[in-house]
Structure formats: structure tokens, C-alpha cells
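Here the structure comes first, spelled out in C-alpha cells, and everything after it is commentary.
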Amino acid sequence: MKEIIFIIITFSALGIFTLPKRSQYYQMLVTQIFLIVVTGYLMYLSFNRIGPLQIYLFELIGNDVSLVIDSLSAFFIFVINITILTGALYSKGYLKPYLRDKTRLEMAWHYFNFLLLHISMLMVVMLREGISFLVFWELMSVAAFFLIIFESDKQENKDAGIKFLIQMHVAFYFIITAFIICSIATGQNIGFDSLEQYFKTYPSFPVFLLFFIGFGIKAGFIPLHTWLIHAHPAAPSHISGIMSGVIIKMGIYGIVRVLTYIHSDLMPIGVFILIISIISGIFGVAIAIVQHDYKKLLAYHSIENIGIIGIGIGIGVMGLAINNPVLASLGFAGGLLHVLNHALFKSLLFYTAGSIYQQTHTRNIENLGGLMKKMPATAVLFLLGAAAISGLPPFNGFISEFLIYTGLFKSLMVSDSILSVTLLAGIVALAVIGGLAVFCFTKIFSIIFLGTVRSDKTRHSHEVRSSMLFPKFIIGILIIAIGVMPFLMLRPMAFVAGVIVDDTSSLRDMAGTMSGISLSLSLLIVFIGILLLIKLKLSKVRHTDIGPTWGCAYTGSDPALHQYSATSYAEYIIMKARLLVGVKKHFRYLTKEKIFPSETYFKTESSDVFDDNLISRPVGGLLSFMEKIAVFQTGNIQHYLLYAIVFVIVITIISIFGII
Amino acid sequence: MGVGLVLILITSLIFPGIVSVVKAKVAARKGPRVMQHFYDIIKLMKKGNVYSRTTGFLFQLAPIIYFSTLLTAVFFIPVGNYKALFSFEGDFVMFAYLMASGRFIMIIAAMDTGSGFEGMGANREAFYSLLAEPVFFIIMGSIALHTGHNSFYDIFSSLYVESALTYFVSALSIYLIFWLSMIENSRLPVDDPNTHLELTMVHEVMVLDHSGFELGLIQLAGGLKFAIFGSLIFNLVLPIQNNYFVQLAFFPIVQIIYAVLVAFVESFRARNKMMRNAQWIITLSALSIVVFLTILIIHEKVGMLP
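Note that the protein sequences, when read in sequence, are chains S and W. The first sequence maps to residues 118 to 777 in the numbering used here. The second sequence maps to residues 14 to 319 in the numbering used here.
Next comes the structure, spelled out in C-alpha cells:
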């Protein structure tokens, strides 16, 4: 049976190359649905079982390779499948304009890598054996690389892709080092199974740190995030959505998987994750606010949300450390539920961003405005995603943040003072992140969709085709469903958290709370409904006028000019967070000599402190050093012979004097 | 439960009236009637609408959502012994986020007009509320730590243990919630609702383009916000005793004192410089952290320090 499934998948994946351009997409979609059905069945089998589901595959260098699916894997399979499916459905409309310019092979290569990405991510969450895990981990990065550089005719996209590939290999190095250390120390084969033994006998923190850096680069914790902010804008939007939705979550999966084996040193690990996550959350959103490129802004928000997930996981680990199942289960359940929630609303936001880009061909929000009237469905979906990512009820982002909050508040009372202060820091961080996210998303939504048109880039834009809207509506319904009926998520999340925490009864106890949330939200919806009815009734009887916006009785010139711009909206943050966000202003003063002012310019640009100081500056330094060394490379054969003679002489002298 | 709700709703209608009457008396003006605010709202509700050409349906929907979120938030607030309809662990988180949702949609509505003034107001509202949010959470965290509970009703009902610490915590929390209510309602010292210059306004400038029924809802919502914070203060002032009548009698008194205080602050305090507002709000968070640390220390948890 499993052989047949593997053969089917391999042949239908390779079959994409043989097909004409039009039908390649359907081949990919059908294969993906097949994969989803197969893994969905495995998920179903693994559910409600004691112990994980194991399927033996083959033997590799004396190792048994088998698929191992526990509820954590099942949860990630669900997240992967749902995001990939919506991404694939959305990509049909999004890729349509590219069908003209790209060759048959280029399109096939893209679809093939899309499939490869899907398969490798599924395998990554199901494999425990080290070598096969690492192979698929690597395949995942390579497939993602080719997907990112889809528009490889632009140099910046290629640069972003290379940056991604290099950093992924740095991450790979850290992960493989950690695996090898565990394997050598315990004498077992490379793989997750050796961790169990290793963490029992040796101190956990150093090896965990290696794993954390390796997986953290994938996840995009600050300061390991620098690939993310370039790769997300460069990739085509359906890929950006999948990248932000699931690829970076593979890092989270890795970290949580490693955590399941750790039973000592939990306190420092928990505090460490919490601090890194708080930094990621706050910095991510603060830097996001000053961005003018909406895809880059969303990329920074991925970092912010990884921060929120990390806060959940961090307090979960701290809960394990102090043997407090309430804190542990609420932390892990909140953090992992946020993985799903973030995958939903972030892919929704990236897909809508892709629709905007397709219609306007600009990523600079200062050129947009007033799109609400031209693309109403896209606008409403974007607003839905924006409210969800800001953690507002009645949407799903609120539910996961609420679980984390509850965990934090509940354990405030049972912990010692140092821990209490740390927990309070978590509470304050969540509150600040929420506030900043509201600030950021009111800005981006308003500047793109509201007000008056700012440039003629939006002139030809109109609502995207319904095949592009349909997957987004599915996501939207899921977002609202989780937000309004959160009690549905408790049982599954208790199973998932049960992989790490033994006693998840506190999650089941949350049922009353969750139905309280649900009831109050229903009340909210009823109120809105009643008031809306009254308003509609009234508007029939009352007189309604249309006029210009109130401008202090000033109605001159172009209304687009005295709107609030993205820069002015962000001004407060730019002032208060000057150290984090290096915003540079370039402008020329108006000269006073002339009677009439001449043309001048004003430009602002922002940079990422971490990207500058951790990546750009050292790499730049290294490159210039290498250039200096390159004077030896003259290309002259005589010089190279001279180097050889000098080397021989030096060696001889050294050995005569007995230095070596 | 119903009694508390009715009390809050009645307060919300009368509160702004009391404030303006007291302000008028302090300034030796004749001033409006107490119910004038209420009549104004009725009049607004009867009027037709003028919409800006720039706006869309969100603009018309926003005041409705805003008012509904506040109305739902009322159902979370206990009044003395009268338990709220919704009471569960962490209900204050839900309460705070409901308020945030209302704010979010109003900011969107303000930006929908494409007016520079309303953009300014929306921007300031977003910025100040983001600074004020942690204050509320730290206060609630502190009281939760002090009482060992984490829902509004349980916190307030177990707050009254006769100890000096409780007085201290209550007093500082009342002080902080008072200023928080002034920020939330965009009153002095953050914003002056009576100013006549759009450039210096926060909340008032956000609703410049609303009219008729929607503007009426926004005015009602302003009263509701005061009533919500007033009830929170009442819960902190008055211990939960078994005597329902004492509470019924005290509730209006506390609300009137609160209104008079608001009026006095509005009459005698100058508005902050716009640029200083952020600092001023951050000072409040610092103060709330002091409350938190004091509780930690007094609960003698310091002994566990490594």
C-alpha cells in the first residue's frame, strides 16, 4: 500500500514536466489533494490513540526509518495542509499573468517545487530518524529557495533567495552539529531518539541552544530573522503566505519537538525563550510600523507573531520547570494554537497583498489609497486579517493570546517573586505588542484602502477574480469560527499540548471560560445586528446628504494631498523608537536665494538595526578583506610558482630551526 | 445582575451632564441642565445624516460596532454584590480587548474620511491607547496577585481584607484608573474636549464627519465609558458587603464624586503639551509597576529570591 502511494506521488510530481502549461496547475493540485487525503487519514488514525502511530518505511544505513505521528505531528500536518491547499487554490489566479512570459519548463519547475515543498514539510514533521529528517529538512529549504526566486529576472529577488539559502545552511549546520553531539555522546544513531538518552545524562542548555539557533533561524526569532525580511517580499505572494504561514513554523516544530525530550535545566531554557520572544515580538512590530512596503511590513509581523508563539512556549517551559501543569498546558496550548491562527490570518493577509500587487504593480503603500471602493471584497478580507492579527475579538488571534494571558495571570499567584516579575514582563509585552499591532494595521489598512487615491497606479485596478477570493473566504470563515467558537479548539489543543505536558486537565477546565467568551461575542453580534436594523429603518425615513469631507471649510487643491500619509502616521513611533528603527531622511533644503523655490525632494528610508550590524556590516567587512587578499591572485603563472618556492623555503627554514 | 446593569446604564446617561454642570458652576457660568446631554443625543438621533463623498460603508458601520463593543463590555462589570452576566477567569482581558476592538474600528472610520485632521486624531488615539493598555493590565495583575483571583467579581469580592496593604492598593489603583478613564475618554490632561482647534484634538477630531444617529451613538458611548470606569472605581472604593441597600445608596454617591472630580480636573488643570503626553502616560505605567512590586514585596515573596 505505502509503496503504491509513494509511486503515485513520485510519478504525478514528475508528470508535471510532461504536461502543457495550462494543465500543469491541475496536475499539481490533484497531487496535493491526494497528499492531503493520505496525510489526513494518517492524522485521523493518530488521533485518540495512546502513543504515536508508527509506520515502518525502509532501512537506511542500519536505521529503521518510519513515519511517527503523534498529536504534535498531526497538528502540524493540519496546519501545513490547510495553508498549502488555500495557497494552491489562490495561486491559480495569481500566476495567470505570468503564464504568458514564463516558459513551460519554468512553470513546471515552480509547480514541482511547490509539491516538493509540501511533501518535504509533511515528512519533516513525521520523521524521527536523523538522516532522513535532515534530508527532507534540506529539500524543504531548497524547494523554498526555488519558489522564492520565481521572478528571478529581478536582481533583488535573486539576492534575497541567495540570502535565504545561505542562512538556511547556517541553520542546517547548527542542527546537524547538535544531532552529532547527541549521537556521539550516547552512542546511538543520529535522530530524535538519541536526544532522550542525551538529555537524561548531560546538561540540556548548551545543546538546546544549538538546536534553538538552528531552528530559530528558520522561525525568524530576532536576531536570527534577517533572511525573512528579504525573502518574504521577494517571493510571489502565494509563496509568501505559505512561507509565513508554515515554513517558518517548521522552526517552531523543531524547537517544540526538541523540548519534548528535555527534562532538566527547564527554568533557564524557559526564561531564555521568553526573553528572546519578547524581544522578537516588540522589535518585530515596532520595525513593521515604519515600513512602506506592505509585504515587508507583513514579514516583520511574522517575526512579531513568532514572538507571541515563543512567549507561549516560553511560559509553557517555565510551567514544566516549576511543575505547574496549569501554566505549562495553557502556555503550550496558547503558543501552538497561535501557530494555527497565525498560519490562517497571515496567509490571508499575504494573499490579499498579492491581489493588491497584481492590480497596482506597486508595493509602496504611499502610492495607494482609496482601494476600498475598487476592491471591496479584498478590503474586507484584509480588514478581517488585520483585526485577527491585532488579537481583537471576535477573531482567532484573540483566542490564542487569551490562553497565554490566562496562563500568565493564573501563575502570577503561585510563583516566586523573580518568576512573577518575568510573568508580568510577559503580560506587559503582550499588551504592548497588541497595541502596536493595532497601530500598525490601522495604518496599513487605512493607507492602502481608505481615503482618496494617492497616485494613478490604482487607476486600472479592480476586484480580483473569484477564484482568488474563494480560498480567502475559506480562511476568513475559519478565522471567525475559531474566534466565535473557541471551545471547539480546547480538546484538540489539549491533545497537542499533551505531548509535552502530562496533565492538561486545566485546558479542559477552560470550557466554561470559552463558552463565556463565545456567549459574550454572540451578544456583541446581536447588539450590532439590532443597531444595524435600527439604522437601516432610520435611513429610510431620514434625509441623507452627501458632501465633501470636513476640512475646516478649506476645499481647495487635491484632497489626496492633505490626507495623512504612512510616514506621518508612523511619526510617533519613529520618534520614540529611534534606536530600533534607523529611519534616515534625505532631503534638500529650499534655498533662500531665489525668489521662487526650485524643485526639491524628500525621501525617508528605514533600516533594520540587526540586519545592518549582524549581517550587512560583517559581510561587507569580510568582502573588503577578501578583496585585499585577492592581490595575490594575479593570474600570472610565474607568481604562483614564486608562492610555491617561498612556501618550500619557509617550511625548510622552519624545520631546520626545529620549530615544527 | 440586572441591577448593576441598570445602574451603569443610568449613570452613563447622567454622568456627562453632571460634569458639565459642575464645570459651569466652577467657572461661575449658568450652565446647562443635568439632562441636557441626554436631550442633545435624542435630538441627534432624530436628525438626518451627512456623509462625506470619500467614505464607504465602514464609516457608517463603525459607530454601531463601537457602541456595541462598549455595551457588551458593560456586561463584564460587576457592581458591588451584583455579579456581572459574564464572569469567568480572565474576563478583564476580554473586557480590555473588547474596548480595543471598538477603538480599532473607530480609528478605521476616522481614516476613511481621508481628512488630515481626522488622521491626526486617529493616530493619536492609537498611540495613546497603546501606551495606556499596559497600565490597565499591570493594575489588574497587581490586584490579581494581591487577592489570588483572576476575574473581576472574584477580585473585587475578595479585595476587602482589612489590611493597610489593601487600602494602599485600592487607593493607588483608583488613582490610576481615574487617569486611565481620562485618557480613554480623551479628556484633560491628554485632550481638551472643549478646545476649538482641530490641530490639538484627539477624540473630538476623529468624529468630525459623523452625524445624526451615529453621532448620537458615539456620544452615548462616551457616557458609557465613564460609567464603566466609574463602576470599576466603585468596586475598588466600596467593599462587597452583604447589605445590598448600602451599595445601592453608595453607588450614586461615588459616581457623583467621580463626576465632580472629573469636572474639577477639567476646570483647574491645564492640558499637557502634545509631545509630553506619551511621557505622562508612561509615568502612569511606572507607577503601576510600583504598585505591583510593592505587593510582591509585602507578600513576603522576596524571601525566595536566589
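Every residue gets a Cβ at the ideal spot worked out from N, C-alpha and C, and that includes glycine.
query, result
"W:Phe169 at chain S interface by Cβ criterion, 8 Å", "no"
"Cross-chain neighbours of S:Ser689 in chain W, by beta carbon under 9 Å", "Checking the sequence, you will find Tyr at residue 689 of chain S rather than Ser. Simply Asn136, Arg137, Ala139, Phe140, Ala291."
"Extent of the continuous beta strand (DSSP E) run through S:His418", "It is not in any beta strand (DSSP E) - S:His418 instead sits in the alpha helix (DSSP H) that spans 411 to 438."
"W:Ile196 beta carbon near the ligand NAP (any heavy atom closer than 7 Å)", "The ligand NAP is not part of this structure, which contains no ligands at all."
"Simplified DSSP state of S:Ser715, which is helix, strand or coil", "coil"
"Secondary structure of S:Gly699, DSSP reduced to three states", "strand"
"The stretch 418 to 434 of chain S touching the stretch 563 to 583 of chain S, judged by at least three CB pairs closer than 8 Å", "no"
"is_contact[W:Tyr257, chain S] using C-beta, thresh 8 Å", "no"
"Residues in the stretch 28 to 61 of chain W having any Cβ partner in chain S nearer than 9 Å", "Met58, Lys59, Lys60, Gly61"
"Beta-carbon proximity of S:His227 to S:Ala277, cut-off 8 Å", "no"
"Bounding residues of the alpha helix (DSSP H) (the contiguous stretch that carries S:Gly452)", "442 to 477"
"Close beta carbons around S:His235, own chain, < 8 Å, minus the five adjacent residues each side", "Gln149, Leu152, Ile197, Ile201"
"Selected residue, minimal CA-CA separation from W:Leu84, among W:Met214, W:Gly235, W:Ala123, W:His223", "W:Gly235"
"Inter-stretch contact at 8 Å, needing at least 3 Cβ pairs: the stretch 290 to 297 of chain S / the stretch 351 to 367 of chain S", "no"
"Reduced DSSP secondary structure (H/G/I, E/B, other) of W:Leu210", "coil"
"Whole-angstrom distance between W:Ile310 and W:Gly316, CA atom to CA atom", "Unreliable positioning characterises W:Gly316 in this predicted model, as indicated by a pLDDT of 43, which lies under 50. The coordinate reading is nonetheless provided below. Cα to Cα, the separation comes out at about 9 Å."
"Expected contact under 8 Å - CB spacing of S:Lys462 and S:Gly508 to nearest Å", "Checking the sequence shown, residue 462 of chain S turns out to be Phe, not Lys. At roughly 10 Å, the Cβ-Cβ gap does not stay under 8 Å, so S:Phe462 and S:Gly508 are not in contact."
"contact_flag[the stretch 196 to 209 of chain W, the stretch 132 to 151 of chain W] where n(CB pairs < 8 Å) is 3 or more", "yes"
"Boundaries of the beta strand (DSSP E) in which S:Tyr173 is found, first to last residue", "170 to 177"
"Candidates W:Ile168, W:Gly30, W:Leu274: closest to W:Tyr188 by CA position", "W:Leu274"
"Sequence-distant residues of its chain with Cβ nearer than 6 Å to S:Ile330 (five each side left out)", "Phe291"
"Run of the alpha helix (DSSP H) containing W:Tyr166, from where it starts to where it stops", "165 to 171"
"Chain-ordered neighbours of W:Leu22 on chain S, where CB pairs are closer than 7 Å", "The contacting residues do not exist; W:Leu22 stays about 13 Å from chain S at best."
"Near-chain S residues of the stretch 224 to 235 of chain W (beta-carbon distance less than 9 Å), N- to C-terminal order", "Ser224, Gly225, Phe226, Glu227, Leu230"
"Nearest-angstrom Cα separation, counted from S:Met384 out to S:Leu739", "38 Å"
"At least 3 beta-carbon pairs within less than 8 Å: the stretch 473 to 485 of chain S vs the stretch 518 to 534 of chain S", "no"
"Contacts of S:Tyr522 in chain W (Cβ-Cβ under 7 Å)", "Gly103, Val106"
"Assigned secondary structure, W:Leu318 (DSSP; H/G/I helix, E/B strand, else coil)", "Residue placement at W:Leu318 is poorly supported in this model, since its pLDDT is 40, which falls under 50; the coordinates still yield a value, given next. Reduced to three states, the DSSP call for W:Leu318 is coil."
"Beta-carbon contacts of W:Pro319 that lie in its chain and below 7 Å, excluding the five residues immediately before and after", "Low per-residue confidence applies at W:Pro319: pLDDT is 37, beneath 50, and the placement is therefore not dependable, though the value from the model is reported in the following sentence. Here the set comprises nothing."
"Which listed residue (W:Val63, W:Leu143, W:Lys96) has its alpha carbon closest to that of W:Ser114", "W:Leu143"
"W:Ile31 - containing alpha helix (DSSP H), residue span", "15 to 39"
"Residue range of the alpha helix (DSSP H) that includes W:Ser186", "177 to 197"
"Proximity of W:Thr68 and W:Thr126 at Cβ, strictly below 8 Å", "yes"
"Runs of beta strand (DSSP E) lying entirely within the stretch 590 to 676 of chain S, each at least 3 residues, in chain order", "661 to 664"
"Extent of the continuous beta strand (DSSP E) to which S:Val402 belongs", "Unbroken run through S:Val402 is the alpha helix (DSSP H), 383 to 406; no beta strand (DSSP E)."
"CA-to-CA distance, S:Ser723 to S:Ala628, given in whole angstroms", "45 Å"
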